[in-house]
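Colleague: If you scroll down you'll find the structure; I have some questions about it.
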Amino acid sequence: MQAKQATQLLDEVGSIRRSTRDLLSTWWFPPAIFGLLMLGAAALCAVPGAHALLVSRIYWLGAGSGAIAAIYVRSRRLEARHGVGGNLRGEVLSGVILFAVGLLAIEGVWVWGEERLFGVWDLPNAVGWPLVEFVYFGSWYPPLALALGYGVLGVLERRWGLTVAGLVAALGVAVLGAVAYTLAFRMPEHFAAGITIGVVRTPCLIPLIGYAVAFLAIAAVFRFLLIRPR
Amino acid sequence: MSHPTNGIDDLVHQRVRLGILAVLAEADRADFTHLRETLALTDGNLSRHLQALEQAGLVSISKGFRDRKPRTWVSATRLGRRAFAVEIDTLKALVDRYQTEQQRG
Chain A
1 MQAKQATQLL
11 DEVGSIRRST
21 RDLLSTWWFP
31 PAIFGLLMLG
41 AAALCAVPGA
51 HALLVSRIYW
61 LGAGSGAIAA
71 IYVRSRRLEA
81 RHGVGGNLRG
91 EVLSGVILFA
101 VGLLAIEGVW
111 VWGEERLFGV
121 WDLPNAVGWP
131 LVEFVYFGSW
141 YPPLALALGY
151 GVLGVLERRW
161 GLTVAGLVAA
171 LGVAVLGAVA
181 YTLAFRMPEH
191 FAAGITIGVV
201 RTPCLIPLIG
211 YAVAFLAIAA
221 VFRFLLIRPR
Chain B
1001 MSHPTNGIDD
1011 LVHQRVRLGI
1021 LAVLAEADRA
1031 DFTHLRETLA
1041 LTDGNLSRHL
1051 QALEQAGLVS
1061 ISKGFRDRKP
1071 RTWVSATRLG
1081 RRAFAVEIDT
1091 LKALVDRYQT
1101 EQQRG
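Each protein sequence line maps, in turn, to chains A and B. Residue numbers for the first sequence follow the working numbering, so the first one is 1 and each next one is one higher. Residue numbers for the second sequence follow the working numbering, so the first one is 1001 and each next one is one higher.
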């Protein structure tokens, strides 16, 4: 076989793979939908402190479960329309990961002291702690969950690009979380829109928007900078 | 060192079969119509290639219904994905070797 033929064959195969991947370009959907849910949750910052936890629980259980169901339904519809089935398991799993990340991020915003969302996380620094004198670091659960979640997903799906993307996304969420928390803590209280639990004023609006922007940025990266083929 | 062409698998190397495996390397499964249209084949032609790949254990074929219409789904087996990856590596090695020889003059 001649090298010219091999090059031609590789080009054809590459083209087929790209067009298939374009049809299946669904990895952006889970982070996009959860980013929008984060933005929606920003409205809950207006709920009085006494009811905030209950409302937050109801919102996230409903919205998160609904989002995972939407990911499943969308994937099935795309499969029926194009006749080519995407990675349903991976997409739903990524929705579950983002749900967990969302809960972990929200926990830092809404919960302080004895009451915690589902009561399984136990680090007070989820609310944001001073890294140095003038920089606050947000919760490190969301970046950790993203890195671990997409790391495992990348291994399961044999897509190493996904593992790397998870690490980059985790770094992005950590940076944006830090920016958001620093802004929130340094801002005059009436701008920061937070809730007071006990004696602690916890910023709400800005961190939520920070996480939402991070999620939407991850979606944009998945949508426009496609993951390399496995 | 053996020549890269020694790594070519005649079953996979065939252009249409490589195209089928290329689709299935990206998708978990593809239906018969999608493969036929993507690769611009006739029903009979595609059927023959799928049969060859299935007999070699490189793809699995299942049938189902959607909206009361029968659909045939094809997916690559683990062996099929591996064979495809080896074939692509072999082709790349062949091209690299040729380019190296060209540079040496």
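The beta carbon of each residue, even a glycine, is placed where N, CA and C say it ideally should be.
Quick one: what's got a C-beta closer than 7 Å to B/Val1023's C-beta in the same chain, skipping five residues either side?
Modeller: Same-chain partners within the cutoff: Ala1030, Leu1035 and Thr1038.
Colleague: Please report how far the alpha carbon of A/Leu148 lies from the alpha carbon of A/Ala32, in whole angstroms.
Modeller: Going from the Cα of A/Leu148 to the Cα of A/Ala32 covers about 19 Å.
Colleague: A/Leu148 CB to nearest chain B CB: under 8 Å?
Modeller: No, no contact with chain B.
Colleague: Applying the criterion that 16 or more other CB atoms from any shown protein chain within 10 Å of the CB defines a buried residue, is A/Ser75 buried or exposed?
Modeller: Under this definition A/Ser75 is a buried residue.
Colleague: Pull up the distance between the alpha-carbon of B/Glu1087 and that of A/Val92, whole angstroms please.
Modeller: Straight-line Cα distance between these residues: approximately 31 Å.
Colleague: Tell me the rounded alpha-carbon separation between A/Gly14 and A/Asn87.
Modeller: Each residue's alpha carbon lies about 19 Å from the other.
Colleague: For A/Ala41, name the three-state secondary structure that DSSP assigns.
Modeller: Looking at A/Ala41 - three-state DSSP - the assignment turns out to be helix.
Colleague: Should A/Gly170 go down as buried or exposed, given a rule of 16 or more other Cβ atoms within 10 Å for buried?
Modeller: The question names Gly, yet the displayed sequence has Ala at residue 170 of chain A. So A/Ala170 counts as buried.
Colleague: How long is the line joining the alpha carbons of B/Leu1094 and A/Gln5, rounded to whole angstroms?
Modeller: Those two C-alpha atoms are separated by around 10 Å.
Colleague: With a threshold of 16 other CB atoms inside 10 Å of the CB of A/Pro308, please say whether the residue is buried or exposed.
Modeller: The question about residue 308 of chain A has no answer, for chain A in this structure spans 1 to 230.
Colleague: Can you tell me whether DSSP reads A/Val221 as helix, strand or coil?
Modeller: Three-state result, A/Val221: helix.
Colleague: For A/Ile16, which residues of its own chain have a beta-carbon under 7 Å away from its beta-carbon, when the five flanking residues on both sides are left out?
Modeller: Cβ within range, chain order: n/a, list empty.
Colleague: In chain A, what lies closer than 8 Å to B/Thr1038 by C-beta?
Modeller: Here the neighbours are Ile16, Ser19 and Thr20.
Colleague: Rounded to the nearest angstrom, what separates A/Ala180 and A/Arg21 at their Cα positions?
Modeller: Distance between the alpha carbons of A/Ala180 and A/Arg21: 35 Å.
Colleague: In this structure, does DSSP put A/Arg17 in helix, strand or coil?
Modeller: DSSP places A/Arg17 in helix when its eight states are reduced to three.
Colleague: For a cutoff of 8 Å on Cβ pairs, would you count B/Gly1044 as touching chain A?
Modeller: Cβ-Cβ to chain A under 8 Å: no for B/Gly1044.
Colleague: Does B/His1063 come within less than 8 Å of chain A when only Cβ atoms are used?
Modeller: The question names His, yet the displayed sequence has Lys at residue 1063 of chain B. Chain A contact via Cβ: absent.
Colleague: Report the residue ranges of all alpha helix (DSSP H) runs contained in full by the segment 1009–1049 of chain B; include only those spanning at least 4 residues, in chain order.
Modeller: Complete alpha helix (DSSP H) runs here, min 4: 1010–1013, 1015–1026 and 1032–1038.
Colleague: Less than 8 Å between C-beta atoms, sequence neighbours within five positions excluded: which residues of the same chain meet that for A/His190?
Modeller: Here the model assigns A/His190 a pLDDT of 49, short of 50, so the residue's position is not dependable and the matter cannot be decided.
Colleague: Quick one: residues in its chain with C-beta nearer than 7 Å to the C-beta of A/Leu24, no 5 flanking neighbours on either side, listed in chain order?
Modeller: Within the same chain, A/Leu24 has close Cβ partners Val84 and Gly86.
Colleague: B/Thr1042: buried (16+ other C-beta within 10 angstroms of its C-beta) or exposed?
Modeller: Label assigned to B/Thr1042: exposed.
Colleague: Buried or exposed: B/Arg1104, going by 16 or more other Cβ atoms within 10 Å of its Cβ?
Modeller: Exposed, since its Cβ has fewer than 16 Cβ neighbours within 10 Å.
Colleague: Within 8 Å (strictly less), CB to CB, does A/Val13 reach chain B?
Modeller: Taking Cβ atoms only, chain B reaches closer than 8 Å to A/Val13, which makes this a yes.
Colleague: If I measure Cβ to Cβ from B/Leu1079 and keep anything under 7 Å in the same chain, skipping five residues before and after, which residues do I get?
Modeller: Cβ neighbours of B/Leu1079 beyond the five flanking positions: Gly1057 and Leu1058.
Colleague: Taking 8 Å as the cut-off, decide whether the C-beta atoms of A/Leu216 and A/Val173 are in contact.
Modeller: No, they are not a contact pair.
Colleague: For B/Gly1064, name the three-state secondary structure that DSSP assigns.
Modeller: Three-state DSSP puts B/Gly1064 in a strand.
Colleague: At a CB distance below 8 Å, what residues from the segment 1083–1101 of chain B approach chain A? Give them in sequence order.
Modeller: From the segment 1083–1101 of chain B, only Ile1088, Leu1091, Lys1092, Leu1094, Val1095, Arg1097, Tyr1098 and Gln1099 have a Cβ closer than 8 Å to chain A.
Colleague: Would you tell me roughly how many angstroms separate the C-alpha atoms of B/Leu1053 and A/Leu44, rounded to the nearest one?
Modeller: Cα to Cα, B/Leu1053 sits roughly 56 Å from A/Leu44.
Colleague: So is B/Arg1017 in contact with chain A if we call contact Cβ pairs under 8 Å?
Modeller: Judged by the 8 Å Cβ criterion, B/Arg1017 is not in contact with chain A.
Colleague: Quick one: list the residues of chain B neighbouring A/Ala80, beta-carbon separation under 7 Å, in chain order.
Modeller: The contacting residues are Arg1066.
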